[in-house]
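Chains as they are written, first to last, in my numbering: chain A, 3 to 256; chain B, 63 to 638.
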Amino acid sequence: MIRKLSYSLSLFLAVCLLSGPSRASDSDYQQAMKALGSNDFANALHYLESAVTDDPDNLRYASEYRQAAIKSKEFDRALSFFEKLSAAKPQSANLHLNFGFAYVDKIPVAGSITQVILANKALNEFTRAVELQPNWINLYTRGMSYLFWPKIFNRAPMGVADLEKAMKVQSPGPKKNYYVKTYLALGDGYWKTDQLEKARAVWQEGLKQFPDNQQLKTRLERQGDDLQKAIEANFDPNKRVDTDLRDLWTSSQN
Amino acid sequence: MDKLSKLKALLLSFVLVFQAGAPAAQNSQPVVRFEEIAAKAGMRVQHHTHTFHGKNADVLHMFTSGGAAVAVGDYDNDGFEDIFITDSDTGKPNHLFHNNGNFTFTDVAAKAGVAGGNDPLSVVSDALWFDYDNDGKLDLLIARFGTPILYHNEGNGKFKDVTATSGLNKFGNSIAVIAFDYDNDGYLDLLFGNYFKPVNLLDLKDPHVLPNDLDNATNGGGVTLWRNTGKGSFEEVTQKAGLANVTGWVLDVGHGDLNNDGLQDIYIACDYGTDHVFLNNGNGTFREITEKATGWDTKKGMNVDVADYDNDGWMDIYVTNITDEYMKECNMLWHNNADGTFTDVSRETGTCDTGWGWAAKFADFDNDGWQDLFVVNGLRSAGPESYVPLILPVITTPGLDITDPGNWPDIGNRTWSGYQKKRLFRNLANGTFKEISAEAGVDNQFDGRGIGIGDFDNDGRLDMVQTNADQPLLLFHNVSERTGNWIELKLIGTKSNRDAIGARVKVAAGGITQIREVDGGNGYAGQSTRRVHFGLGGATTINHIEIRWPSGRVESVTVPVNKISYIEEGRGVVPR
């Protein structure tokens, strides 16, 4: 009960933190959006860095910053920025989360060994975020991150553990559209740990909650090699993972 | 029976007859099939990777497990291709398999004087037949982690070690060597691909010899280019030729005319970092075009083969990389766009995933006029435990010096990307390939390294040798059925280098035009036949054969189908 309450509180806090600009950083954010509108990435990155520095827990600013960095291929600049800021603000879970995502953002353009190094560094940042704030987004993110590791490294069980916790966080509260991701990921985690029945049960439960979700339907329709292809297509290190967090503030409740 | 029933019965019988006819149509297709006959042929020999001693023995053994090589060539000019096989451990002999003409071979290496090379300070890694003095007899070069050995063919079944007077006296950790006449002076030059930087691994003073980055390493051995002076010796021209800036971990080098200007260009495949493409300027220098041609890469390049797989008149390039559960690099089939750029079509053609790739060679195994592709793979097949999880801390520990073998865990009896099935891709003549290794009988799980292709029984069907690290070699006799017609041309240069390496042959027959170039050792750890082989499918006549010699001379010839023909520059078809 206490644990449930603490999850709910942390979720509430996270939502509050991303729910809206409220400080001087807002002006920088608005300037950045204007610059982005005209593909002026240099200015957009500059203003977003100011906004994140001023309000490091703001998920929205940091997420927009990373998306701008992806578009302008400024991966190293983003990493350097988050590294310095998270060192200065080590208690900001959202900063660690975005730092981790900045590593993930660089993976598709990196060599195969560097991909492993980046993925491992991302995992370290996600772990720090979970330690500071075990809310839905941090648990879901780290859980998914574990699932990307090839089976030989045996990290999928840790992913399943995180995703089961994320499921517990989301279960009591009001339903959000993005909660479907947990059903997909947890099912994939069960599949990756050879628990096909549990995987199908989670996907089926997800489909009850989100009857229009095509990815859940596809997983439930397929078997064997076809199912493997459908799942593994989502874990290709050479494909860009969508790390845009805007769902968190644009998603409507069902 | 009413009318409707009769009609149905008639339709049914028509369908049955039609269906019965279908397999007959399929039966006209070639069936690619090989029989492994190494033991029967007297060639079942095992390769041994060099055994290191001391602290870093295990890791160095692993990093040098590439020297199982094969070189195909008719050293005694008896009309049958012979086979040279390397070994790599101290004191272990190389093998020269003389072709007895009946698909049996006799190891004459010791008698011929070419068995040595694995001395206490050197490791044999590759071999190459080439006629460096244009006397009509194939000489033999042994590449080593050490200094190379050059054997002159004395013509009586014996070879003489002429290294001391050859000028080839520079130490290198060479893993690949090819011969071609880069300056078109009529003499074959040598391009070495070097893996480690030039330090003697068998007498290590400083252990920091491993790659300084696993995606962008810059501390490898690069390449060395040696110009044949025409007087029985070679001089190093790497710097002068513009190739000194390659500092990667070169695993293979390949040559071919990539821009159809009559000059031999080069592709350099590097482990742990980017490959390189150089065009020949025609004045003894090369210019790098990697950025524009292919872009820089971070993959683990292992093999270079050059061939026009789609019969569009432009040479394409195939490079193997590493694709496994834990690393998804994909190979590169560089389709030549005919404008100085190449597009990787390995995914589209179905040739992307061959595991931990090593050698790959194009050849028309069913004589249908379209070149197929054989790829060998597998690093180390050993015990049930995998080495891969042990490497993770090496890769991810910040600041760990990965150049020091002492920081790498011992592999022990662990497997690393082992037990991988070989891949044979049949060219479907529509820009794609179909993997047929199982039905063709070549889907073995040895730790493959080199491929040597040749028509060992002169029946017009190309056979293969597969070498394997620390394992016996395999000899595949091509017993494919319903194969097409064919020609094989043995070119003899006069103004050009005698081996005619770099000559291009264009054959128009059966509605398609094919090109081939005489190949001076393309493909990792392997040299295939210098005979130019063309499958002709059902064509029984040839519209046109054109030869462009390295000297620039262009000649047309007429040869009979389903025969091996000898053609001399300036004289046309000549008796053997």
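We put the beta carbon where it would ideally sit given N, CA and C, even for glycine.
Fair warning: this is a prediction, and the values are worked out from it, not measured in the lab.
E98 (chain B) lies in the beta strand (DSSP E); which residues open and close that run? That run of the beta strand (DSSP E) goes 96 to 98.
Residues that V450 (chain B) contacts on chain A, provided the C-beta gap is smaller than 7 Å: Going along chain A in sequence order, the residues near V450 (chain B) (Cβ under 7 Å) are I154.
Those runs of the alpha helix (DSSP H) which lie wholly inside the region 148 to 223 of chain A and span at least 4 residues: Listed in chain order, the alpha helix (DSSP H) runs fully inside the region 148 to 223 of chain A are 158 to 172, 182 to 194, 198 to 211, 216 to 223, counting runs of at least 4 residues.
Reference S88 (chain A); option with closest CA among A:L141, A:Q216, A:L229, A:F128: It is A:F128 whose Cα lies nearest to the Cα of S88 (chain A).
Can you tell me which residues form a DSSP beta bridge with P534 (chain B)? DSSP lists B:Q108 as partners of P534 (chain B).
Contact with chain B by G113 (chain A), beta-carbon distance below 7 Å: Residue contact with chain B for G113 (chain A): present (Cβ-Cβ distance below 7 Å to some residue of chain B).
Determine whether the Cβ of L120 (chain A) lies closer than 7 Å to any Cβ atom of chain B. Closer than 7 Å: no.
Hey, could you find the ends of the alpha helix (DSSP H) R523 (chain B) is sitting in? No alpha helix (DSSP H) contains R523 (chain B), which DSSP labels as neither H nor E.
Between which two residues does the alpha helix (DSSP H) containing M124 (chain B) stretch? DSSP places M124 (chain B) inside the alpha helix (DSSP H), whose first and last residues are 119 to 125.
I'd like the list of long-range same chain contacts for L122 (chain B), defined as Cβ closer than 7 Å, with 5 residues on each side in sequence excluded. Excluding five sequence positions before and after L122 (chain B), the CB atoms of its chain that fall closer than 7 Å to its own CB belong to F114, L263, P467, given in chain order.
DSSP has G318 (chain B) in a bridge; who is on the other side? Paired residues: B:D327.
Pairwise C-alpha distance: G480 (chain B) and A444 (chain B): Distance between the alpha carbons of A444 (chain B) and G480 (chain B): 7 Å.
Check this for me: beta carbons of A355 (chain B) and T405 (chain B), under 7 Å apart or not? Taking 7 Å as the Cβ cut-off, A355 (chain B) and T405 (chain B) do not qualify as a contacting pair.
Judging by CA-CA distance, which residue of B:D247, B:V271, B:G141, B:L551 is the nearest neighbour of D463 (chain B)? Of B:D247, B:V271, B:G141, B:L551, the residue nearest in Cα terms is B:V271.
Between the CA atoms of A531 (chain B) and H157 (chain B) - distance to the nearest angstrom: The alpha-carbon separation between H157 (chain B) and A531 (chain B) amounts to approximately 15 Å.
Under three-state DSSP, which class holds S88 (chain A)? In the structure shown, S88 (chain A) falls within a helical segment according to DSSP collapsed to helix, strand and coil.
Can you tell me whether R544 (chain B) is buried or exposed? The criterion is at least 16 other CB atoms within 10 Å of its CB, across all chains shown. By the neighbour-count criterion, in which a residue is buried when 16 or more other Cβ atoms sit within 10 angstroms of its Cβ, R544 (chain B) is exposed.
For L202 (chain B), does the count of other Cβ atoms within 10 angstroms reach 16, so buried, or fall short, so exposed? The residue in question, L202 (chain B), is buried, as its Cβ has 16 or more Cβ neighbours within 10 Å.
Less than 6 Å between C-beta atoms, sequence neighbours within five positions excluded: which residues of the same chain meet that for E579 (chain B)? Within the same chain, E579 (chain B) has close Cβ partners G318, R566.
Since V456 (chain B) is in the alpha helix (DSSP H), which residue starts that stretch and which ends it? Secondary structure note for V456 (chain B): its alpha helix (DSSP H) is the uninterrupted segment 450 to 458.
May I have the straight-line CA-CA distance separating R206 (chain B) from I515 (chain B), to the nearest angstrom? Here the alpha carbon of R206 (chain B) sits roughly 22 Å from the alpha carbon of I515 (chain B).
Does the structure place the region 281 to 290 of chain B close enough to the region 571 to 591 of chain B that three or more beta carbon pairs sit under 8 Å? Flag = no, the region 571 to 591 of chain B and the region 281 to 290 of chain B do not touch.
So if DSSP puts C392 (chain B) in a beta bridge, which residue, or which two residues, is it bridged to? Partner(s): none; C392 (chain B) has no beta bridge.
Tell me whether R95 (chain B), by its Cβ, gets closer than 6 Å to a heavy atom of the ligand ATP. Absence of the ligand ATP is noted for the structure shown, with no ligands found whatsoever.
First and last residue of the uninterrupted alpha helix (DSSP H) at N126 (chain A): Element bounds for N126 (chain A): 114 to 134.
Could you check if V635 (chain B) is buried or exposed, using at least 16 other CB atoms within 10 Å of its CB as the buried criterion? It counts as exposed.
Identify the continuous beta strand (DSSP E) that holds W432 (chain B) and give its terminal residues. Where W432 (chain B) is concerned, there is no enclosing beta strand (DSSP E), given that its DSSP letter is neither H nor E.
Express the C-alpha separation of W478 (chain B) and T382 (chain B) in angstroms, rounding to a whole number. Near 17 Å, if we compare the C-alpha coordinates of W478 (chain B) and T382 (chain B).
What span of residues does the beta strand (DSSP E) with Q576 (chain B) cover, start to end? Counting along the chain, the beta strand (DSSP E) containing Q576 (chain B) begins and ends at 574 to 579.
Across which residues does DSSP place Y257 (chain B) in a beta bridge pair? Paired residue(s): none; Y257 (chain B) is not in a bridge.
What does DSSP give as the partner residue(s) for E497 (chain B) in the beta ladder? B:F487.
So, at 8 Å on beta carbons, what are the nonlocal neighbours of A177 (chain B) in its own chain, with the 5 sequence-adjacent residues on each side left out? Hits under 8 Å: P155, N156, H157, L158, A171.
For M389 (chain B) and chain A, any beta-carbon pair shorter than 7 Å? Taking Cβ atoms only, chain A reaches closer than 7 Å to M389 (chain B), which makes this a yes.
If we ignore side chains and look at the alpha-carbon of each, how far apart do N520 (chain B) and F146 (chain B) end up? Using only the alpha carbons, I get a separation of about 18 Å.
Verify the CB distance criterion: does L313 (chain B) have a CB-CB separation below 7 Å to chain A? Not flagged as an interface residue toward chain A: L313 (chain B), since no C-beta distance is shorter than 7 Å.
Examine chain B for any beta-carbon lying closer than 7 Å to the beta-carbon of L250 (chain A), and answer yes or no. Proximity of L250 (chain A) to chain B, defined by a Cβ-Cβ separation below 7 Å, is not satisfied.
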